Amino acid sequence: MSRRQLDWPDTEVGRLARKAVDAFVEAQRIDDRIVPADFSGKDVLATELDCCPPELARDEDTLLRLFSAAGRNAVENRAARFMAFFPTRGLPAGSLAAMLAAGYNRPTGAPDYAPHLVRMEHSLMRWLCELFALPGGSIGTMTSGTSMSTLIAVAAAADTLPDVTSRADATVYVTEQTHHCVAKALRVAGFPATALREVPMTPDWGMDAAAARRMVAADRAAGRLPFLLVGTAGTTANGAIDALGELADLADDEDLWFHVDGAYGGFFQLTERGGRRLAGIGRADSIALDPPKTLFLPFGTGVLLVREAAHLHRTFSQRGDYMTDLDDDSLPSYTDLGPELSREYRAAQLWLPLHLHGVAAFRETLDDMLDLAEFAHDDLAGDPALDVGPPPRLATVVFRLADGTDEDNRDLLRRINHDGRTHLSGCVVGGRYFLRMTVLNPATYRSEVEGALAGIHDAVRRRVLTHQRGGGA
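Next up, the structure:
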């Protein structure tokens, strides 16, 4: 009997895998120019890619070439001077781990069929719970990212309300800088837009805990049901950290679920400075973490830690009739901790880099990022043409022209990014547009930061000269 075409022999798997590994190694080559000059060949490439799968097999070399061209013809977010949004290096060890996990393709939602892989994930989650000083009874689960982690946390918090009908009167406390994934999660969980309460910020752009306390009291007096307080350990725009200890006090006093968005800043808990700045985070009911940002892993890995595992079990524990033979309770069943049943084995992407490099390597890199951000802030603060934000709590520095409009600052960003060798992004804080510079890449050293700063100062000088002459761009 002849083999089906989808049933490859080991020799065929090995032959194509070697080609794929060669393509992977080539993919690790990082261009100095961040933005391709003209996305060369993009029209031809788009035509080749914009087609339906064929009825018959295509040539593997052509397919690998097309995939490599699509991946290469992009903004180089892994470059040492890509400092926009969150630089996403994607450690090769994480990518290789994902390949290995996919190669085994084991079901790990429950421990019955791959108990040792589940044990690897459980050991990581225990370590993280200990890192954040969460008590016994806490638990963690890996997700696709912080948006999914937040949705799971919101769903669990919502189940602390008396019943589903009470969601119409429920209130949630955030700031203008709270990540919008919280609002999306609330919508998906069935809460009206009126549930959100925007708390004023302090001068350093964190949540004003005293104002939040007053708002909670006013809502209770008006017959509403305050139930969720969202703190942020590193805002996306500028890295501001809420006074987590004060917010934890408020949550305790008012019996609120206290969720901390630690997607950006959470893993700075590994460092001494980060631990001090995140004081109080261990009192949260739930913490969302994003390894791609500050453990430099590939996209698609997230973590949710929850203070009491029972909350997740109450919300997500279900059993189908076809699952009656799954009865191994010696390890967590991750299908009971979130909405996914068939789930990718994401733990490999965290386990291999941490064990291969050692935790100290990540701690030292994060400490270096804090140092480089402080250096960049001090340098920019010395330029009289710039208005620089507060000293960085994490690895983001924000600044703007001291005498410019928001449009002037957008034009400054275009000037800085124009040569394709430094790439920053912009943000709005307190109604004003700022440029933001995030130093968060293991390949970024002081020389790269100095090069980026030189480009910023040069763009500022050219803009000032143009303005003085009354000319255009």
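Counting from 1138, one number per residue, gives the positions in the sequence shown under my numbering. Here a beta-carbon is modelled for each residue, glycine too, at the ideal position from N, C-alpha and C. Owing to the predicted nature of the structure, the values given are computational and were not obtained by experimental measurement.
**Arg1350 versus Trp1342: straight-line alpha-carbon distance, rounded** = Straight-line Cα distance between these residues: approximately 17 Å.
**Message:** Among Ala1347, Lys1430, Met1352, whose alpha-carbon lies nearest the alpha-carbon of Ala1332?
**Reply:** The alpha carbon of Ala1332 has as its nearest neighbour, out of Ala1347, Lys1430, Met1352, the alpha carbon of Met1352.
**Request:** Take every Cβ of the stretch 1538-1549, pair it with every Cβ of the stretch 1507-1518, and state whether three or more of those distances are shorter than 8 Å.
**Result:** Two segments are said to touch when three or more pairs of C-beta atoms, one from each, lie closer than 8 Å; by this definition the stretch 1538-1549 does not touch the stretch 1507-1518.
**Prompt:** At what residues does the alpha helix (DSSP H) containing Met1285 begin and finish?
**Reply:** Per DSSP, the unbroken alpha helix (DSSP H) holding Met1285 starts and ends at 1283-1295.
**Request:** Look up Met1344 in the DSSP assignment and give the residues it is bridged to.
**Result:** As DSSP reads the structure, Met1344 sits in a beta bridge with Met1338.
**Item:** Close-in-space but distant-in-sequence residues of the same chain around Ala1610 (CB under 6 Å, 5 per side omitted)
**Value:** Confidence in Ala1610 is poor, its pLDDT being 48 and thus under 50, which makes the residue's placement too unreliable to answer from.
**Message:** Rounded to whole angstroms, what is the Cα-Cα separation between Leu1384 and Ile1424?
**Reply:** Note on geometry: alpha-carbon atoms of Leu1384 and Ile1424 lie some 14 Å from one another.
**Prompt:** Under the three-state reduction of DSSP, which class applies to Ala1610: helix, strand or coil?
**Reply:** In this prediction, Ala1610 scores a pLDDT of 48, lower than 50, which makes its location untrustworthy; the coordinate-derived value is nonetheless stated afterwards. Reduced to three states, the DSSP call for Ala1610 is coil.
**Item:** Ala1251, DSSP secondary structure in three states
**Value:** Coil, per DSSP.
**Prompt:** How would you label Gln1486, buried or exposed, when you count the other beta carbons within 10 angstroms and need 16 or more for buried?
**Reply:** With a 10 Å radius around the Cβ and a threshold of 16 neighbouring Cβ atoms, Gln1486 comes out buried.
**Three-state secondary structure assigned by DSSP to Asp1198** = Helix.
**Prompt:** Along the chain, where does the beta strand (DSSP E) that runs through His1396 open and close?
**Reply:** Counting along the chain, the beta strand (DSSP E) containing His1396 begins and ends at 1394-1399.
**Message:** Can you find the residues in the same chain that come closer than 8 Å, C-beta to C-beta, to Arg1558, ignoring five residues on each side of it along the sequence?
**Reply:** Listed in chain order, the non-local C-beta contacts of Arg1558 below 8 Å within the same chain comprise Asp1169, Arg1170, Ile1171, Arg1218, Gly1588, Gly1592, local neighbours out to five positions each way being set aside.
**Request:** Excluding the 5 residues preceding and the 5 following His1448 in the sequence, name in chain order all residues of the same chain whose CB lies nearer than 6 Å to its CB.
**Result:** If we look at His1448 and ignore the five residues flanking it on each side, its Cβ neighbours are Ala1293.
**Prompt:** On the three-state DSSP scale, how would you describe Ser1454?
**Reply:** In this structure, Ser1454 counts as coil in the three-state DSSP scheme.
**Request:** Please say whether Asn1375 and Thr1533 have beta carbons closer to each other than 8 Å?
**Result:** Yes, the pair counts as a contact, with Cβ atoms nearer than the cut-off.
**Message:** Between the alpha carbons of Phe1204 and Pro1252, how many angstroms are there, rounded?
**Reply:** Each residue's CA atom was taken as its position, placing Phe1204 and Pro1252 some 35 Å apart.
**Asked** Start and end of the beta strand (DSSP E) containing Cys1564?
**Response** Its beta strand (DSSP E) spans residues 1562-1566.
**Prompt:** Can you find a C-beta in chain D that's less than 8 Å from the C-beta of Phe1222?
**Reply:** In the displayed structure, chain D is absent; only one protein chain is listed.
**Request:** Can you tell me which of the three DSSP states Val1576 falls into?
**Result:** Residue state for Val1576 is assigned as coil, using DSSP reduced to three classes.
**Item:** Counterpart residues of Leu1233 in DSSP-defined beta bridges
**Value:** Answer is none; Leu1233 lacks a bridge partner.
**Asked** Between the stretch 1230-1237 and the stretch 1475-1489, do at least 3 Cβ pairs fall closer than 8 Å?
**Response** A contact between stretches requires three or more CB pairs, one per stretch, nearer than 8 Å, and the stretch 1230-1237 meets this requirement with the stretch 1475-1489.
**Best match in Gly1327, Ala1290, Asp1466, Ser1139 for proximity to Val1443 [C-alpha to C-alpha]** = Among Gly1327, Ala1290, Asp1466, Ser1139, the Cα nearest to that of Val1443 belongs to Ala1290.
**Request:** For Asp1524, name the three-state secondary structure that DSSP assigns.
**Result:** Asp1524: strand per DSSP, three-state reduction.
**For Tyr1310, the nearest candidate out of Tyr1570, Val1367, Pro1529, Pro1248 (CA to CA)** = If we check each option's Cα against that of Tyr1310, Val1367 comes out closest.
**Item:** Other residues of its chain near Arg1155: CB distance less than 6 Å, five sequence neighbours each side excluded
**Value:** If we look at Arg1155 and ignore the five residues flanking it on each side, it has no Cβ neighbours.
**Message:** Here's a check: name, in chain order, each residue in its chain whose Cβ is nearer than 8 Å to the Cβ of Glu1335, leaving out the five neighbours to either side.
**Reply:** For Glu1335, where only same-chain residues beyond five positions count, the Cβ hits under 8 Å are Val1311, Thr1312, Glu1313.
**Request:** With distances taken Cα to Cα, identify the nearest neighbour of Ala1307 among Thr1315, Thr1297, Pro1529.
**Result:** Closest option to Ala1307, Cα to Cα, is Thr1297.
**Residues near Ser1467 by beta carbon distance below 8 Å, same chain, minus five either side** = Excluding positions up to five away in sequence, the list reads Pro1248, Pro1252.
**Request:** Figure out for me which residue from Thr1339, Cys1318, Ala1295, Thr1315 has the closest Cα to the Cα of Ala1326.
**Result:** Measuring from the Cα of Ala1326, the nearest candidate turns out to be Ala1295.
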